[in-house]
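A.B. asks:
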Amino acid sequence: MATVTVDSILKRVNTLLNDRTWVRWPKQELLDYYNDAAKAIVLMRPDAHTKNAQFNCAAGTKQSLPADALRLIEVLRNADGKVIRFVPRRALDDSYPDWHAGKDGTSVAAYTYDDRDPKNFYLYPGPAAAVKVDVIYSVAPQSKVLADVENVGTPALADLDDIYINPLIDFIMYRAFSKDSEYSANSNRAVGHYNAYLQQLGEKTQVDASLEQRKTEGFSRVTGQ
């Protein structure tokens, strides 16, 4: 959960740029870079900005995510609490060639999803209309406007969790120094900040993957599965 304001991020960037009067890089320009940074991070890490919501199914196997969705993360459970497991589509195709024909199920047992079709997924057995399941999906951060950022009473908070503040700052710095990229010093600074941004996101991805692997291995040792 984010606790840092967007304004404080912009002020930190302003200090790093040594532009105290906001002349070379006006605050609106840095805010535009912030909005780009938040979206760029979610593009690389879809789990950085998600919704966990109840989803009303359409009749049949094919389901489409809400308009604000970028891609599916996971289908969790039926409304009654029964779990829904991921199954590769090939396994369903091989075992149940006519599985797409169903459209009156009252409970879902499995789902399948293809990253190449990020806004659609499939449920088995095909549910009836309005059957409810819980899903997690990635959403794009909404662009911040300067008036909300500078609101003294309720300043806008960052879109992403505090753990992403440093990558946000590095991306903004990369865009700021790219403005003067014809000068070799600033071009090098831009590249340095962009590499730092990529490295931090890559390290987090590796740590998350390692933790997930440990959980899976622990489960396998206990259950034998």
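Going by the UniProt record's numbering, the first residue of the sequence shown is number 1, and it counts up by one from there. Built from N, CA and C at the ideal position, the CB exists for glycine as well. Keep in mind that this is a model prediction, so the values were computed, not measured.
(1) Within the chosen definition, does the region 87–103 reach the region 115–134 through at least 3 CB pairs nearer than 8 Å?
(2) Which same chain residues, not among the five before or five after Ala37, have their C-beta less than 6 Å away from its C-beta?
(3) So is Pro66 buried or exposed if we call it buried at 16+ other beta carbons inside 10 Å?
(4) Considering only residues of the same chain and omitting the five flanking positions on each side of Tyr194, which have a CB-CB separation below 6 Å?
(5) Go ahead and label Gln142 buried or exposed: buried means 16 or more other beta carbons lie within 10 angstroms of its beta carbon, across all protein chains shown.
(6) Excluding sequence positions up to five away, which residues of its chain have a Cβ less than 7 Å from the Cβ of Tyr164?
(7) Tell me the DSSP bridge mates of Ser64?
(8) Identify the continuous alpha helix (DSSP H) that holds Ile73 and give its terminal residues.
(9) Looking only at C-alpha atoms, which of Asn52, Pro88 and Asn120 sits nearest to Tyr137?
C.D. replies: Put simply:
(1) When C-beta atoms of the region 87–103 are compared with those of the region 115–134, three or more pairs fall below 8 Å, so the two segments count as touching.
(2) Leu168, Phe171 and Ile172
(3) exposed
(4) Tyr174
(5) With fewer than 16 Cβ atoms within 10 Å of its Cβ, Gln142 is classed as exposed.
(6) Cβ neighbours of Tyr164 beyond the five flanking positions: Ile41 and Ala48.
(7) Asn120
(8) First-last for Ile73: Ala69 to Asn78, but that is the beta strand (DSSP E), not the alpha helix (DSSP H).
(9) Asn52
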